[in-house]
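Participant: Take a look at this one; I'll ask things after.
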C-alpha cells in the first residue's frame with residue numbers, strides 16, 4: 001500500500017464499494033474498469049489509478065471480481081469490524097442518524113448517548129439510556145471508538161474537552177464547531193454543500 | 207463561462223463559499239489563492255483553475271476580495287434567489303432537515319409537506335400543513351422548485367411519478383431509490399460515505 005494516499009482517493013472508496021455491493025446484489029460477478037466507470041460516471045483510468053494505491057486487484061482482460069473487490073474495499077476501510085458509537089445530541093438529527101445506522105449499517109454498535117435536556121436524560125433510544133454530560137464523561141472512557149456530534153456548539157465543545165484519555169479515534173461531526181484533538185480524526189458533514197450544488201444545476205440546465 | 211464544467215468543480219463551489227463566508231465574518235477582506243488553499247487544504251492552482259471556469263475574479267498580486275468572491279459564488283450557484291421546497295417524508299430525518307434549513311439557510315422557503323402516516327397528516331411543521339400523497343400532488347403543481355425526499359422507497363416512487371408537468375427542477379434525495387426524471391436534476395446524499403471514510407482514517411493513522 002502507498003504511504004501517502006490523497007483524501008480525494010479515500011473519499012471515493014465508499015462510493016466504489018456502494019456500486020460494487022449493488023452490482024453483486026444484482027448477480028454481477030465480474031466487471032471491467034470501463035464498465036464500472038461507465039456506471040459510476042468516472043473514467044476507467046481513475047478507477048484503476050485509485051485501486052492501484054491499494055495493490056490493484058483487477059486482471060488484464062478479466063476485470064474485477066465484484067464480490068471480491070467489494071470485500072477488499074471493506075477490509076481496507078475497516079468495515080470488517082464493529083465500532084462502538086457514542087451520540088452527542090439526541091434531538092431529531094441525532095435520532096434520525098441512530099435509526100439510519102440501525103437500519104443500514106452492520107458495522108456500528110450504539111454504546112452511549114448524551115443529551116443535556118431534562119426531558120431527554122434518562123429516556124432510552126434503541127435500548128441505550130440517554131445520559132447528561134457528567135455521566136456521559138464516564139461512558140466515553142468505556143471503549144467508545146467514534147463520537148457522532150449533532151449537539152449545539154457549547155455542549156459539543158464541553159464534551160470534546162473530555163475526549164483526551166479515552167479511546168475515541170474519530171468524530172463524525174454534523175455541527176458547526178471545528179474540533180482539533182490530537183490523535184482524533186474529524187470528518188465534518190456539511191449537509192447543505194450538496195443542496196447548493198443542486199441549486200447550481202437547477203440554474204444551469206444542460 | 208465555460209460550456210462544460212465538471213461535477214467535481216461544481217461540488218467544490220459550496221466549500222469555497224463556506225470558507226469565504228467564514229473569513230468574511232472574521233473581518234478578512236482580501237486573500238491570495240495560496241493563503242485560501244492553505245486554509246482549505248487544496249492547492250492554489252486548483253483554486254485558480256476552478257474559478258477560471260467562471261471567469262477568474264482574482265487579480266495578480268492582489269488576491270481575491272473575500273466578500274466579493276463569496277457573493278459571486280452565490281450568484282453562480284443561484285443562492286441569490288429563493289427556492290420553494292417540498293419535503294416528502296416528515297419523520298425524524300425530514301424534520302431534522304426542515305429545522306436545519308430554517309436555522310441556517312435563507313434561500314429556502316418551506317412550501318409543502320407530504321407524509322402518508324395517519325398521525326402525521328394534518329399536523330403542522332414550521333407553519334406548513336402535512337398532506338397525504340393525493341393532496342400533496344396538487345401542492346406540487348403550485349410552484350415547488352425542489353423536492354427533498356426522505357420517505358421510504360414506495361412513497362418516494364409514487365410521488366416521483368407525479369413530478370412530470372410540475373415546475374420541480376431538483377430532488378435532494380436521502381433515500382435509497384434512484385430517480386431518473388427528464389428535466390429534473392437529482393442529487394443523492396449518501397450519508398454513510400463520509401462515515402466509511404472516517405473508518406478508513408481510524409484504521410490508517412498517520
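Protein chains in written order, with the working numbering: chain S, 1 to 206; chain W, 207 to 412.
Glycine residues also receive a C-beta, built at the ideal position from the N, C-alpha and C atoms.
1. Taking residue 147 of chain S as part of the beta strand (DSSP E), name the residues at either end of that continuous run.
2. Starting from residue 187 of chain S, trace the alpha helix (DSSP H) both ways and give me its first and last residue.
3. To which residues of the same chain is residue 120 of chain S closer than 6 Å at the C-beta, ignoring the five residues directly before and after it?
4. For chain S, is any of its Cβ atoms less than 9 Å away from the one on residue 246 of chain W?
5. The beta strand (DSSP E) with residue 137 of chain S in it runs from where to where?
6. With 9 Å as the threshold, decide whether the Cβ of residue 305 of chain W is near any Cβ in chain S.
7. Let me see if you follow: with CB-CB separation under 9 Å, is residue 223 of chain W close to chain S or not?
8. Kindly list, in the order they appear in chain W, the residues whose Cβ is closer than 8 Å to that of residue 147 of chain S.
9. Is the beta carbon of residue 365 of chain W sitting closer than 9 Å to the one on residue 375 of chain W?
10. Whose C-beta lies closer than 7 Å to the C-beta of residue 24 of chain S among residues of the same chain, with five residues either side of it excluded?
11. Could you say which of S/52, S/62, S/80 and S/92 lies nearest to residue 149 of chain S if we only look at CA atoms?
12. Just list the alpha helix (DSSP H) runs in the segment 48-107 of chain S, keeping only unbroken ones of 4 residues or longer that don't cross its boundaries, in chain order.
13. Can you give the Cα-Cα distance for residue 290 of chain W and residue 315 of chain W, rounded to whole angstroms?
14. Grab me the residues of residue 237 of chain W's own chain with a C-beta within less than 7 Å of its C-beta, minus the 5 sequence neighbours each way, in chain order.
15. Taking CB distances under 9 Å as the criterion, tell me whether residue 385 of chain W reaches chain S.
16. What residues in its chain sit with their C-beta under 8 Å from that of residue 358 of chain W, if we drop five residues either side in the sequence?
17. Going along chain W in order, which residues have a C-beta closer than 8 Å to the C-beta of residue 164 of chain S?
18. Cβ closer than 7 Å: which chain S residues qualify as neighbours of residue 395 of chain W?
Facilitator: This is what the structure holds:
1. Position 147 of the first chain, counted from the start, is the residue given in the question as residue 147 of chain S. From DSSP, the beta strand (DSSP E) with residue 147 of chain S extends over 146-149.
2. Sequence index remark: in the first chain, residue 187 of chain S carries index 187 (1-based). Premise fails: residue 187 of chain S lies in the beta strand (DSSP E), 185-188, not in any alpha helix (DSSP H).
3. The residue given as residue 120 of chain S occupies position 120 in the first chain. Excluding positions up to five away in sequence, the list reads 90 and 130.
4. As a working mapping, residue 246 of chain W is identified with position 40 in the second chain. No, no contact with chain S.
5. Translated into the one-based positions of the first chain, residue 137 of chain S becomes position 137. Per DSSP, residue 137 of chain S is not a residue of any beta strand (DSSP E); the alpha helix (DSSP H) it occupies stretches across 133-139.
6. Position 99 of the second chain holds residue 305 of chain W. Chain S contact via Cβ: present.
7. Here residue 223 of chain W corresponds to residue number 17 of the second chain, with the count starting at 1. Taking 9 Å as the CB threshold, residue 223 of chain W lines the interface with chain S.
8. Residue 147 of chain S sits at position 147 when you count from the first residue of the first chain. By Cβ distance, chain W contributes nothing, its closest Cβ being about 11 Å from residue 147 of chain S, past 8 Å.
9. In the second chain, residue 365 of chain W corresponds to position 159, counting from 1. In the second chain, residue 375 of chain W corresponds to position 169, counting from 1. At the C-beta level, residue 365 of chain W and residue 375 of chain W stay beyond 9 Å of one another.
10. Sequence index remark: in the first chain, residue 24 of chain S carries index 24 (1-based). Taking C-beta separations shorter than 7 Å and ignoring five residues to either side along the sequence, the partners of residue 24 of chain S in its chain run 66, 67 and 70, following chain order.
11. What you label residue 149 of chain S is simply residue 149 of the first chain in a count that begins at 1. Comparing alpha-carbon positions, the option among S/52, S/62, S/80 and S/92 lying closest to residue 149 of chain S turns out to be S/92.
12. For the segment 48-107 of chain S, whole alpha helix (DSSP H) runs of length 4 or above, ordered along the chain, are 66-77 and 92-104.
13. Sequence index remark: in the second chain, residue 290 of chain W carries index 84 (1-based). Sequence index remark: in the second chain, residue 315 of chain W carries index 109 (1-based). Whole-angstrom Cα-Cα distance: 5 Å.
14. Taking the first residue of the second chain as 1, we reach residue 237 of chain W at position 31. For residue 237 of chain W, where only same-chain residues beyond five positions count, the Cβ hits under 7 Å are 229, 269, 270 and 272.
15. One-based indexing of the second chain puts residue 385 of chain W at position 179. At a cut-off of 9 Å between beta carbons, residue 385 of chain W makes no contact with chain S.
16. Here the question's residue 358 of chain W lines up with position 152 in the second chain. Residues 295 and 381 of the same chain have their beta carbon placed closer than 8 Å to that of residue 358 of chain W, with the five preceding and five following residues left out of the count.
17. Counting from 1 along the first chain, the entry for residue 164 of chain S is found at position 164. Counting only Cβ-Cβ distances below 8 Å, residue 164 of chain S has no contacts in chain W at all, with the closest Cβ about 16 Å away.
18. The sequence position of residue 395 of chain W within the second chain is 189, counting from 1. The contact set of residue 395 of chain W on chain S, defined by CB atoms closer than 7 Å, consists of 194 in chain order.
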